[in-house]
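Protein chains in written order, with this note's numbering: chain A, 182 to 523; chain B, 2 to 521; chain C, 3 to 100.
Virtual Cβ for every residue (Gly too), placed ideally from N, Cα, C.
A short write-up of the structure that comes next.
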Amino acid sequence: MENTKSVNTKKIGDFLLNYSLYILLGLMILIVISINPKFLSISNFMKILTQASTRGILALGAAGMIVLAGTDLSAGRILGCCAALTASLVQSVTYASRMYPGITSDLPVFVPLLASIVIAVAFCMLNGFGVSKLHLHAFIVSLGTQLIAFGCTCIYIDSQKGGAQALSSFNQTFLNVVNGGFQFGSFTLPYLIVYFLISAMFMWVVWNKTPLGKNMFAIGGNTEAAAVSGVNITKNIMGIYIMAGVLYGIAAFLEAGRIQSVNTGTGLNYDLDAISGCVIGGVSFSGGVGTVPGIVIGVVILQTINFSLSFLSVNPYLQYIIKGLIIILAVSIDVRKYLSKK
Amino acid sequence: MGSSYEVAIPAADSSAAGTGGAVVLEMIDIDKQFPGVKALDHVRLVLKKGSVHSLMGENGAGKSTLMKCLFGVYREDAGEICIEGRPVRFDNPRQALDNGVAMVHQELNQVLRRSVMENVWLGRFPQKAGLISHKKMYEETKKIFDELGIQVDPNTVIGKLSVSQRQMVEIAKTVSYNARILVLDEPTSSLTNEEVGHLFRIINKLRDRGVGIIYISHKMEEILRISDEVTIMRDGQWVATRNADGLTNDEIIKLMVGRDLKHQFPENTNMPGEVLLEVKNLTGKYAPTCTDVSFSLRRGEILGVAGLVGSRRTEMMETIFGVAHRDSGEIFLAGKKVENKGSEKAIKNGFALLTEERRATGIFPLQGVMFNTVLANLRAYIKRGLLSDKKMRSDTARMIENMSVKTPSQKTHIRYLSGGNQQKVIIGRWLLTEPEVLLLDEPTRGIDVGAKFEIYQLIIQLAGRGKGIIMVSSEMPELIGICDRILVMSNGRVAGILDLRENRYENVQEEIMRLAAKYV
Amino acid sequence: MADSKERAENQAIPAVSDETVEKRRLRDNMYDMITISVRAMDRIIIVLIVLIAIILAIGIIESKQNDLIKDAGQLSKIATADGKLATRVDRDSVIEYL
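Have a look at this one:
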């Protein structure tokens with residue numbers, strides 16, 4: 182019948198458009214492989230996952246804010262600040278111009294980790310306070326916090342005896358903890374990937390199996406209904422922000438070890454990557470919607486795009502444009518899904 | 002049609018007036034399915050040129066869904082829409098408007114700070130040599146107003162006009178679009194009798210010019226006055242189309258409700274017991290709010306709360322529940338003083354508040370039935386630090402059964418459920434918290450007749466189990482039908498309490514209206 | 003039973019008690035009336051995809067040109083993790099540091 186035929190084409194059309202991002206990515210990878218077959222290798226795949234790990238942990242934190250129908254533009258600078266703190270505490274004791282010459286033996290690794298988390302949580306609590314108590318929009322508050330964090334980072338790095346210089350030359354223990362991996366014969370599984378997966382699993386439990394998670398979706402989905410139904414809005418919002426702080430702290434700690442040199446520019450625009458990863462992964466900006474597996478996939482997809490574009494040596498300016506278009510595409514698909522549910 | 006800015010007011014075409022005219026709109030066998038809910042089932046509507054065709058039905062009957070299909074807001078699953086014989090399908094209301102199909106909503110979307118004429122010509126301002134010509138705009142607007150007999154100066158800021166005048170401007174706007182089909186959605190809900198008269202004069206003028214008008218309303222008096230034909234819908238289905246001539250109120254009611262009016266309310270044989278709740282001199286903190294409210298509530302009692310718009314009934318409920326700040330006064334539950342400082346505390350103390358607007362403050366639209374059911378009771382599901390899916394599922398299943406919620410599964414997104422089922426889910430949410438006192442704010446608003454009956458049964462059952470129920474409602478029959486006593490509020494104060502069990506009133510409704518107007 | 007006339011008269015105007023509620027109702031109505039149709043959205047998405055494909059093609063072709071030029075002694079730039087632009091010496095070492 183005429184009708185079923187057009188309904189079928191409609192269904193195929195819908196499918197193509199709703200999944201066009203993934204199809205596009207698949208095609209892109211095929212193109213890359215055809216141009217340079219060396220792209221398809223386990224080591225490249227591992228590289229992508231490793232590079233996605235710290236960004237992913239950051240994204241898992243920022244996602245909470247997006248589900249709450251807000252956003253967080255300060256994630257990157259907070260990471261930068263905490264990475265600087267971490268870096269200053271893990272410099273090799275044999276490095277003459279280290280920040281704290283008074284430290285003569287390697288600090289236990291959990292010390293810089295804890296310090297990083299504490300500072301990150303402090304910044305996030307600042308954001309959380311502004312949003313929950315002062316009822317400011319998350320966008321504005323995080324804009325302010327972003328600058329505060331950046332200022333702190335600059336002051337901190339500047340306070341070195343030898344003047345402002347990049348923090349580097351980390352001790353081997355720290356570097357092993359961050360950049361090492363599990364050996365399976367000739368195959369190495371980087372610890373970073375494992376840390377990422379553990380963080381993801383932990384967040385999945387929080388989002389799906391704790392009152393905090395359910396309350397987060399409730400507040401993001403309909404704040405007034407949540408307020409009437411016994412959800413303590415202030416406490417829960419603060420809880421989500423603190424969780425984000427913990428993740429930011431961990432991400433900063435790991436990132437310092439991954440890039441092995443921290444300066445005032447570290448962390449710039451990381452939040453955009455985090456937010457993009459979330460959007461691609463299906464977290465809706467209107468709030469109340471999002472899944473942890475989605476975020477993981479979104480972040481990996483984003484990093485794959487980054488990697489493959491650089492693999493092809495595409496002009497980095499063009500890379501920015503392409504990434505920007507992809508984000509607009511991801512949001513458009515989201516809107517379309519909403520519209521076609523009419 | 003000349004330049005698109007010249008208004009071609011349809012010439013008087015009296016041959017098309019009345020019921021014998023040509024067909025301008027046909028909606029044939031329209032189906033619309035939402036997951037789990039069939040919103041429209043083979044619905045048909047035939048609108049004649051130059052006639053007024055009323056569309057009636059209880060809330061949830063499908064009237065607005067049908068209109069949304071016409072305007073392209075929804076896409077119908079099956080059926081055809083034909084305008085003047087040609088099949089059409091619009092992608093959005095703007096397209097419909099450009100094709101001569103217009104709607105005047107209950108909530109007028111006007112730019113309040115701009116002038117009347119700017120609102121009329123929004124997006125297509127008359128121009129002269131590339132610049133907007135205010136003179137031309139004024140003249141064109143005045144032309145339409147004069148034809149329709151509208152006494153409004155096109156230069157006035159539209160926000161300064163009364164609702165009735167703003168509505169007329171909206172209608173004039175549709176004329177400027179040469180609308181052949183006009184849908185009026187509850188046009189008289191905010192109008193005085195005189196303004197209704199004026200509106201009807203305009204409708205008659207439009208009718209004389211061959212415009213086909215779909216008139217959606219609950220007010221039977223007006224419908225019989227203005228319509229040529231009446232279509233009645235019930236539960237998503239077309240029930241009947243009749244000529245308005247010779248149609249009676251009772252017949253309409255019977256067709257709309259589908260059952261004998263006498264059995265609209267279940268029997269309430271509860272015997273209220275001891276005093277459960279005492280409210281003394283309750284005054285809210287931030288105006289507008291309730292003032293010096295005192296009453297008591299017994300176990301097993303259903304206390305209705307009546308009053309006009311603005312009598313602050315909702316504010317009183319919110320103050321008792323604690324989501325609105327209290328300035329002074331005391332609340333005693335079973336003799337013990339309670340401080341409901343916020344919803345968390347209120348729930349712990351055994352209170353529940355069903356809010357007035359479930360779409361705005363009740364449901365979580367992006368979540369499923371289970372989420373919406375268990376949200377207020379999460380504490381009860383924590384087992385070893387984590388939420389127990391098993392327990393949540395079983396509680397939800399229990400609620401679905403007890404409340405007879407029609408839903409395909411626990412995971413169904415709640416916005417696909419009908420209003421009545423949504424309301425039941427929210428009531429279920431509250432019941433899981435095992436409250437002693439239930440504060441229900443307009444519990445049956447926007448719900449179809451069948452579900453209303455079920456909710457009445459539920460309320461009576463709950464009372465029978467010893468709970469105390471306070472029910473705000475704007476529907477007199479409902480209040481009189483199931484309440485034991487009715488508290489009437491006026492301008493934030495208690496105007497009086499009518500005890501329906503103890504006393505026989507001559508005319509309860511008049512009593513209520515009298516009390517409601519006491520402090521206004 | 004309530005006479006329909008009384009019923010009609012006593013039908014209270016739907017109360018809008020709260021500014022939040024009013025805003026929400028208007029917002030919901032607005033969403034219902036999102037003026038962009040699914041079809042228009044489809045077109046936008048297709049345009050975006052085509053745009054991405056075109057720019058991608060430009061980027062790949064350009065990089066191939068640069069590959070040829072590099073052999074003649076010129077360098078091209080690659081972005082690294084800290085936002086700086088490093089002159090490309092060896093593509094492989096760059097993708098290590100994304």
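Between A/Asn189 and A/Lys518, is the Cβ-Cβ spacing less than 9 Å? The Cβ-Cβ distance between A/Asn189 and A/Lys518 does not fall below 9 Å.
Measure from the alpha carbon of B/Asp99 to the alpha carbon of each residue in B/Tyr178, B/Asn350, B/Leu355, then state which is nearest. Answer by Cα proximity: B/Tyr178.
Within this structure, are the beta carbons of B/Gln424 and B/Pro409 separated by less than 9 Å? In this structure, B/Pro409 does not lie closer than 9 Å to B/Gln424 by Cβ.
Taking the DSSP output, what are the residues bridged to B/Met57? Paired residue(s): B/Ile233.
Smallest Cα separation from B/Lys349: which of B/Val339, B/Asn403, B/Thr356? For the options B/Val339, B/Asn403, B/Thr356, the alpha carbon positioned closest to that of B/Lys349 is the one of B/Val339.
Quick check: what's the CA-CA separation for B/Gly80 versus B/Lys33? Going by the C-alpha atoms only, they are around 9 Å apart.
Cα-Cα separation between B/Asn403 and A/Val473, rounded to whole angstroms: C-alpha of B/Asn403 to C-alpha of A/Val473: approximately 34 Å in a straight line.
Give the secondary structure of A/Asp287 by DSSP, where H, G and I count as helix, E and B as strand, and everything else as coil. A/Asp287 falls in the coil class under three-state DSSP.
Check whether the Cβ atoms of B/Phe201 and B/Ala173 sit closer than 9 Å, and answer yes or no. Remark: C-beta atoms of B/Phe201 and B/Ala173 do not approach each other more closely than 9 Å.
With 16 as the cutoff for other CB atoms within 10 Å, does B/Ile254 come out buried or exposed? Under this definition B/Ile254 is a buried residue.
Give the straight-line distance between the Cα atoms of C/Gln13 and B/Ser297, rounded to the nearest whole angstrom. Any reading at C/Gln13 is ruled out, since the residue's pLDDT is 32, under 50, leaving its predicted position unreliable.
Which term fits B/His326, buried or exposed, when burial requires 16 or more other beta carbons within 10 angstroms of its beta carbon? Answer is exposed; the Cβ neighbour count stays below 16.
Using a Cβ-Cβ cut-off of 9 Å, state whether A/Val516 counts as contacting chain C. Any Cβ of chain C closer than 9 Å to the Cβ of A/Val516 would place that residue at the interface, and such an atom is present.
Find the nearest neighbour of A/Pro218 within the set A/Ile514, A/Val516, A/Gly505, A/Leu493, judged by alpha-carbon distance. Closest option to A/Pro218, judged by alpha-carbon separation, among A/Ile514, A/Val516, A/Gly505, A/Leu493: A/Leu493.
Expected contact under 8 Å - CB spacing of B/Asn422 and B/Lys412 to nearest Å: Actually they are not in contact, since the Cβ atoms of B/Asn422 and B/Lys412 sit about 15 Å apart, beyond 8 Å.
B/Glu279, enclosing alpha helix (DSSP H) - first and last residue: Careful: B/Glu279 lies outside any alpha helix (DSSP H), inside the beta strand (DSSP E) at 276-285.
Could you check the C-alpha separation between A/Ala301 and A/Gly257 for me, to the nearest Å? Each residue's alpha carbon lies about 11 Å from the other.
Taking B/Leu355 as the reference, which of A/Thr354, A/Glu405, A/Tyr281 has the closest Cα? Residue nearest to B/Leu355 within the set A/Thr354, A/Glu405, A/Tyr281 is A/Glu405 (criterion: CA-CA distance).
B/Val324 touches chain A at which residues, Cβ-Cβ below 8 Å? Within 8 Å Cβ-Cβ: Ala408, Val409.
Output yes if chain C places a C-beta closer than 9 Å to the C-beta of A/Ile509; else output no. So yes, A/Ile509 belongs to the interface.
Minimum Cβ-Cβ distance from A/Asn403 to chain B less than 9 Å: With 9 Å as the cut-off, A/Asn403 counts as an interface residue toward chain B.
Cβ-Cβ distance between A/Cys335 and A/Ala319 below 9 Å: Taking 9 Å as the Cβ cut-off, A/Cys335 and A/Ala319 do not qualify as a contacting pair.
Around the C-beta of B/Ala180, are 16 or more other C-beta atoms found within 10 angstroms, so that it is buried, or is it exposed? Answer is buried; the Cβ neighbour count reaches 16.
Can you find a C-beta in chain B that's less than 9 Å from the C-beta of A/Asn413? Yes, because at least one Cβ of chain B sits closer than 9 Å to the Cβ of A/Asn413.
Sequence-distant residues of the same chain with beta carbon closer than 8 Å to A/Asn352, five excluded per side: Val271, Gln272, Ser273, Val274, Asp287.
Distance check for B/Ser52 and B/Ser116, CA to CA, integer angstroms please. One C-alpha to the other measures close to 32 Å.
For C/Ile46, return the contacting residues in chain A, with the cut-off set at a CB-CB distance below 8 Å. Simply Ser513.
By the 10 Å Cβ neighbour count, where 16 or more other Cβ atoms means buried, how is A/Thr267 classified, buried or exposed? For A/Thr267, the number of other beta carbons within 10 angstroms of its own is at least 16, and it is reported as buried.
Using only alpha-carbon positions, find the residue among B/Pro188, B/Lys143, B/Lys69, B/Glu148 that is nearest to B/Val164. For the set B/Pro188, B/Lys143, B/Lys69, B/Glu148, the Cα lying nearest the Cα of B/Val164 is the one of B/Pro188.
Alpha helix (DSSP H) segment containing B/Gln510, residue limits: Looking at the DSSP string, the run of the alpha helix (DSSP H) that includes B/Gln510 is 509-517.
Minimum length 3: unbroken beta strand (DSSP E) runs contained in the segment 432-470 of chain B: With a minimum length of 3 residues, the continuous beta strand (DSSP E) runs that stay inside the segment 432-470 of chain B are 438-442.
Note down, in chain order, each residue of its chain lying with its Cβ closer than 6 Å to the Cβ of A/Leu428, except the 5 sequence neighbours on either side. Taking A/Leu428 as the centre and dropping the five residues before and after it, the same chain places the C-beta of Ile238, Leu241, Gly242 closer than 6 Å to its C-beta, in chain order.
When we look at the beta-carbon of A/Ala436 and count the other beta-carbons within 10 Å, is it buried (16 or more) or exposed? The question names Ala, but residue 436 of chain A is Glu in the sequence shown. With 16 or more other Cβ atoms within 10 Å, it is buried.
Residue-level contact to chain A via CB, B/Val549, 9 Å cutoff: Shown here, chain B extends from 2 to 521; a query on residue 549 of chain B therefore has no answer.
Which chain A residues sit within Cβ distance under 8 Å of C/Val52? The premise fails here: C/Val52 is roughly 10 Å from chain A at the closest Cβ pair, so nothing lies under 8 Å.
A/Thr326 and A/Leu307 closer than 9 Å at C-beta: Closer than 9 Å, so yes.
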